[in-house]
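What follows is one structure encoded as structure tokens, with my remarks underneath.
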Amino acid sequence: MKKLMAANWKMYKTRAEAEATAREMVRLIAPGLPEDRELLVFPPFTALAAVAGAFAGQKSFAVGGQNFWPHGEGAFTGEIAPGMLLDAGCTWALAGHSERRWVLGENDDLVGEKVAYGLQKGLSMVLCIGEKLEERRAKKVEEVLDRQLERGLVPAAREFANRLAVAYEPVWAIGTGEVAGREEIRQAHAHTRDRLVQMMGEKALEIPLLYGGSVKPDNASEILALDNVDGVLVGGASLTAESFSRIALA
Ligand code: PGA
């Protein structure tokens, strides 16, 4: 399975900044990117087309939307449809990122609706899951992951296993500088893999499982070497091409 090296730019970068960073990423990463790795950037909506333009002709570089509304078009002020993401050059989208769950108030069912709708419309989807600190302290990690996987992957979504990735991102490790330990990552990823196989059978063995949460150039190779870690989803350390290139090539 190819490893997916994903950059989540959140609400950072103007069009010019995004385009310059994307071009610099191509310069630094494309010549040395191993055959079994793919690079994926989630810019803010306003910079999608600029980043897609900078990646044009690079077969291992892809662009994704950080969010969308699960409808074709309509009176949804402030929202964007999957078809508009495709039109801007996206092939991927995120759903269930912890900032959307815990800052913007999205629940498990809305996340599930987005995953299924995005897949049906032709996008590849990254479903993000992960426990909060109090849930880990209460020994509820597996319960939380099971619930987020069950509700995030409704039966209609399970038909599209070949366009699905799951990112395990413990909420307490996002943007905090605190990385989950090797054993914590290993256990969560093994559990996620087992659960996906129960839900979807053999085809779940081909779903990339990404780790996210304070991935940096100096811890990326150790994390990528763990069993069932098929890539990373990087926030802060993906904002400069120099830093993200050291992760992508780690
Ligand atoms: P971080 O963010 O790398 O800054 O912790 C990860 C994410 O939010 O996907």
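Residue numbers (my numbering): 969 to 1218. Yeah, the Cβ is synthetic: ideal placement off N, Cα and C, and Gly gets one too.
- The beta carbon of Ala1125 sits closer than 6 angstroms to the beta carbons of Val1083, Ala1084 and Leu1087 from its chain, once the five residues preceding and following it are set aside; these are given in chain order.
- Scanning Arg1150, Phe1036 and Glu1003 for the CA closest to the CA of Thr1059 turns up Phe1036.
- The beta carbons of Ala1141 and Leu1007 sit no closer together than 8 angstroms.
- The ligand PGA has a heavy atom closer than 7 angstroms to the beta-carbon of Leu1201.
- Per DSSP, reduced to three states, the secondary structure at Trp1060 is strand.
- Each of Glu1146, Gly1180 and Trp977 was checked against the Cα of Leu1201, and the nearest Cα belongs to Gly1180.
- With contacts defined as CB atoms closer than 8 angstroms, Glu1099 and Val1139 qualify as a contacting pair.
- The closest heavy atom of the ligand PGA lies less than 7 angstroms from the beta carbon of Asn976.
- Around the beta-carbon of Phe1044, fewer than 16 other beta-carbon atoms lie within 10 Å, marking it exposed.
- With 16 or more neighbouring CB atoms inside 10 Å of its own CB, Glu1137 falls in the buried class.
- Taking the Cβ of Ser1213 as the reference point, every heavy atom of the ligand PGA lies at 7 angstroms or farther away.
- When DSSP assignments are scanned along the region 981-1050, the uninterrupted stretches of alpha helix (DSSP H) that are 4 or more residues long and fall wholly within it turn out to be 983-997 and 1016-1023.
- For Val1165, the enclosing alpha helix (DSSP H) has its first and last residue at Arg1150 to Met1168.
- Per DSSP, the beta bridge partners of Ala974 are Leu1008 and Leu1201.
- The region 1202-1212 makes no contact with the region 1153-1171: fewer than 3 CB pairs, one atom from each, lie closer than 8 angstroms.
- By the 16-neighbour rule on beta-carbons within 10 angstroms, Glu1003 is exposed.
- Cβ-Cβ distances below 7 angstroms link Arg1154 to Leu1194 and Asp1195 in the same chain, with the five nearest sequence neighbours on each side left out; the list follows chain order.
- Ala1218 counts as buried, since no fewer than 16 other beta carbons sit within 10 angstroms of its beta carbon.
- Between the ligand PGA and Ala1205, a heavy atom-to-CB distance of less than 7 angstroms is present.
- The three-state secondary structure of Ala1133, taken from DSSP, is strand.
- Annotation for Lys1108: Glu1099 place their beta carbon closer than 8 angstroms to its own, counting only its chain and skipping 5 residues before and after.
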